[in-house]
Amino acid sequence: MKKILLLFILGTTFPSCKDDDNSEYAMQNIATPIVIDKADLRATFNQLEVEDPKPIENSGKFYAYGDYIFINDLGAGVHIIDNTNPSAPVKKGFLEVPGSKDMEAKDNILYVDSYSDLVLFDLSNMNDIKYLKSYEDILGNGNYEWPLFSQDVDQVDYDAYDPGSQIVVGWEYSRELRPIVRYDYAEDGGVVNTANGADGFSGSGQGGSFARFNVVNDRLYIINDGQLLVFDVSNQEDPIVTGNQYLNWNVETIFNQGDYLYLGSTNGMHIYDITDLDNPTSVAVIEHVLGCDPVVVDGDYAYVTVRGGNNCGQDLSFLEVIDISDKSNPVIVKDYDMQEPYGLGIRGDQLFVSDGQYGLHIYDKTDPTDLKLVKNKEELNIFDVIPLEDKLLMIGGQTLHQYNYTGTGISEISTYQMN
227 MKKILLLFIL GTTFPSCKDD DNSEYAMQNI ATPIVIDKAD LRATFNQLEV
277 EDPKPIENSG KFYAYGDYIF INDLGAGVHI IDNTNPSAPV KKGFLEVPGS
327 KDMEAKDNIL YVDSYSDLVL FDLSNMNDIK YLKSYEDILG NGNYEWPLFS
377 QDVDQVDYDA YDPGSQIVVG WEYSRELRPI VRYDYAEDGG VVNTANGADG
427 FSGSGQGGSF ARFNVVNDRL YIINDGQLLV FDVSNQEDPI VTGNQYLNWN
477 VETIFNQGDY LYLGSTNGMH IYDITDLDNP TSVAVIEHVL GCDPVVVDGD
527 YAYVTVRGGN NCGQDLSFLE VIDISDKSNP VIVKDYDMQE PYGLGIRGDQ
577 LFVSDGQYGL HIYDKTDPTD LKLVKNKEEL NIFDVIPLED KLLMIGGQTL
627 HQYNYTGTGI SEISTYQMN
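Set out below in structure tokens:
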């Protein structure tokens with residue numbers, strides 16, 4: 227879910243006094259943005275290169291590309307894992323990309339976000355990954371998450387902040403006598419913070435179900451900040467923007483099957499027709515209760531996890547099965563209770579669902595309207611899965627798990643600690 231700082235400063239919370247102009251004042255906790263200039267950051271792009279391996283601090287999304295696995299370190303960059311031998315993966319290096327959280331690769335080009343910019347790297351020589359080019363502000367200021375407050379805050383001082391040329395990377399705190407800000411629509415007091423040397427691999431790779439980037443043929447689709455951007459990447463070294471569709475602000479994930487994109491949002495699933503690759507057309511929206519929800523699709527059925535609690539909306543969590551045989555009229559046919567569902571993936575008749583600290587659930591989906599739980603790996607605590615042709619990749623915290631498929635479930639290949 228988009229995590230934006232929303233502050234509701236309500237006057238009844240603080241002791242106050244009035245001055246001559248009838249304003250009410252109180253000692254308040256003030257947060258002032260710590261910023262970096264976009265120009266200074268961009269000046270470093272052509273110096274970006276693979277550094278020595280380092281421990282992962284805050285693992286995010288991951289991506290399989292040939293014999294390699296890319297793992298995002300939220301806001302910092304991409305860890306590169308050589309997975310030539312899945313029994314003993316090797317940390318090859320770290321590509322520093324400030325402000326990154328998403329990535330996609332196709333035909334030896336790696337696409338990574340850096341705050342509001344899109345940055346391209348040449349993967350033709352995995353022993354010498356090089357910066358290629360960048361697109362400034364193409365993703366918008368809403369693409370990146372602002373840093374969380376580390377203490378209670380009553381007001382934010384934006385006076386010196388210029389969103390067009392600066393990026394917020396932290397906060398300075400002070401306590402000052404300030405006017406109290408009141409809102410007529412509020413009754414209760416408080417502050418609400420909703421932020422919480424081998425040849426390159428030809429073709430595209432595969433990301434997890436939380437992906438916001440997706441390559442279809444020669445088009446790269448990116449969802450961000452209420453937009454669906456379309457890039458023509460047929461010229462690998464010089465992609466061009468060919469489309470821009472406005473979406474609801476709460477669209478979070480993207481999945482492709484055939485001529486359709488399936489977009490997961492906090493309140494439902496959106497279906498877009500991409501027969502015309504540069505002009506996605508909305509076909510249908512099916513709504514559900516508010517929650518965080520990635521989506522995967524196989525055949526005539528879509529599978530959606532809806533996670534409640536925290537910033538995701540309500541308290542219900544479940545797996546939803548949707549009949550999409552009629553793209554213009556999707557129908558929810560079944561749901562299954564979950565505890566803490568995150569990512570999910572499909573391979574053949576097996577459906578893999580990450581249920582956070584409650585393990586990995588493996589379902590037989592031979593009959594999508596009547597899923598059969600085959601196995602529950604309760605010892606795993608995972609965030610997302612990538613089912614490849616020959617193995618299952620899973621990530622959780624600072625651990626990369628790899629498993630073989632078996633007739634009744636999966637068997638472990640390796641467990642790799644990345645710290």
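Every letter in the sequence shown is one number past the one before it in the working numbering, and letter 370, counting from 1, is 596.
For every residue, glycine included, the Cβ atom is placed at its ideal position computed from N, Cα and C.
All values derive from a computational prediction rather than experimental measurement.
Quiz item: In three-state terms, what does DSSP make of E638?
Solution: Sequence index remark: in the sequence shown, residue 638 carries index 412 (1-based). Strand, per DSSP.
Exercise. Please report the residue range of the beta strand (DSSP E) in which A290 lies.
Key: Residue mapping note: residue 290 aligns to position 64 of the sequence shown, counting from 1. Unbroken beta strand (DSSP E) run through A290: 285-291.
Practice problem: Return the first residue and the last residue of the beta strand (DSSP E) that R445 is part of. | Solution: Residue mapping note: residue 445 aligns to position 219 of the sequence shown, counting from 1. Under the DSSP assignment, R445 falls in the beta strand (DSSP E) whose first and last residues are 445-450.
Quiz item: Is the CB-CB distance between D343 and K356 below 8 Å?
Solution: If you number the sequence shown from 1, residue 343 lands on position 117. If you number the sequence shown from 1, residue 356 lands on position 130. Going by C-beta atoms, D343 is not nearer than 8 Å to K356.
Practice problem: With a 10 Å radius around its C-beta and 16 neighbouring C-beta atoms as the bar for buried, classify A265 as buried or exposed. | Solution: Start at 1 with the first residue of the sequence shown, and residue 265 comes out as number 39. A265 should be labelled exposed.
Quiz item: What are the start and end residues of the alpha helix (DSSP H) that includes A265?
Solution: If you number the sequence shown from 1, residue 265 lands on position 39. Segment 264-268, the alpha helix (DSSP H) holding A265.
Practice problem: Let me know if M495 comes out buried or exposed under the rule of 16 or more other beta-carbons within 10 Å of its beta-carbon. | Solution: For the purposes of this step, residue 495 is identified with residue 269 of the sequence shown, where counting begins at 1. With 16 or more other Cβ atoms within 10 Å, it is buried.
Quiz item: Are P567 and V579 touching if we call contact CB-CB under 8 Å?
Solution: Taking the first residue of the sequence shown as 1, we reach residue 567 at position 341. Taking the first residue of the sequence shown as 1, we reach residue 579 at position 353. Yes, Cβ-Cβ distance for P567 and V579 is below 8 Å.
Exercise. Along the beta strand (DSSP E) that carries M620, what are the first and last residues, could you check?
Key: By one-based count along the sequence shown, residue 620 stands at place 394. Element bounds for M620: 618-622.
Self-check item: Residue span of the beta strand (DSSP E) that contains K601, given as start and end
Solution: For this step, residue 601 is matched to residue 375 along the sequence shown. 598-603 is the span of the beta strand (DSSP E), which, as asked, contains K601.
Quiz item: CB-CB under 7 Å to S551, same chain, minus the five flanking residues each way: which ones, in chain order?
Solution: Start at 1 with the first residue of the sequence shown, and residue 551 comes out as number 325. For S551, where only same-chain residues beyond five positions count, the Cβ hits under 7 Å are D526.
Exercise. Examine the Cβ distances between the segment 472-484 and the segment 603-620 and report whether three or more of them are shorter than 8 Å.
Key: At 8 Å Cβ cutoff, the stretches do not touch.
Quiz item: Along the chain, where does the beta strand (DSSP E) that runs through V522 open and close?
Solution: For the purposes of this step, residue 522 is taken as residue 296 along the sequence shown, with counting starting at 1. Per DSSP, the unbroken beta strand (DSSP E) holding V522 starts and ends at 521-524.
Practice problem: State buried or exposed for A331, treating a residue as buried only when at least 16 other CB atoms are found within 10 Å of its CB. | Solution: In the sequence shown, counting from the first residue as 1, residue 331 sits at position 105. Burial of A331 is indicated by the presence of at least 16 other C-beta atoms within 10 angstroms of its C-beta.
Practice problem: Would you mind working out which of K617, F544, K560, L599 sits nearest G582, comparing C-alpha positions? | Solution: Along the sequence shown, one-based indexing puts residue 582 at 356. Nearest option by C-alpha distance: F544.
Exercise. Tell me, to the nearest whole angstrom, how far the beta carbon of I282 is from that of D299; I am working on the premise that it is less than 8 Å.
Key: The sequence position of residue 282 within the sequence shown is 56, counting from 1. The sequence position of residue 299 within the sequence shown is 73, counting from 1. Contact holds; Cβ gap of about 5 Å.
Quiz prompt | For F544, three-class secondary structure by DSSP | solution = Sequence index remark: in the sequence shown, residue 544 carries index 318 (1-based). Here F544 sits in strand by DSSP.
Quiz item: So, do the segment 398-408 and the segment 251-265 have three or more beta carbon pairs nearer to each other than 8 Å?
Solution: Cβ pair count under 8 Å is three or more, so yes.
Quiz item: Measuring CA to CA, which of Y498, I406, Y251 is closest to I449?
Solution: As a first step, residue 449 is located in the sequence shown; it is residue number 223 there, counting from the start. Nearest C-alpha to I449: Y498.
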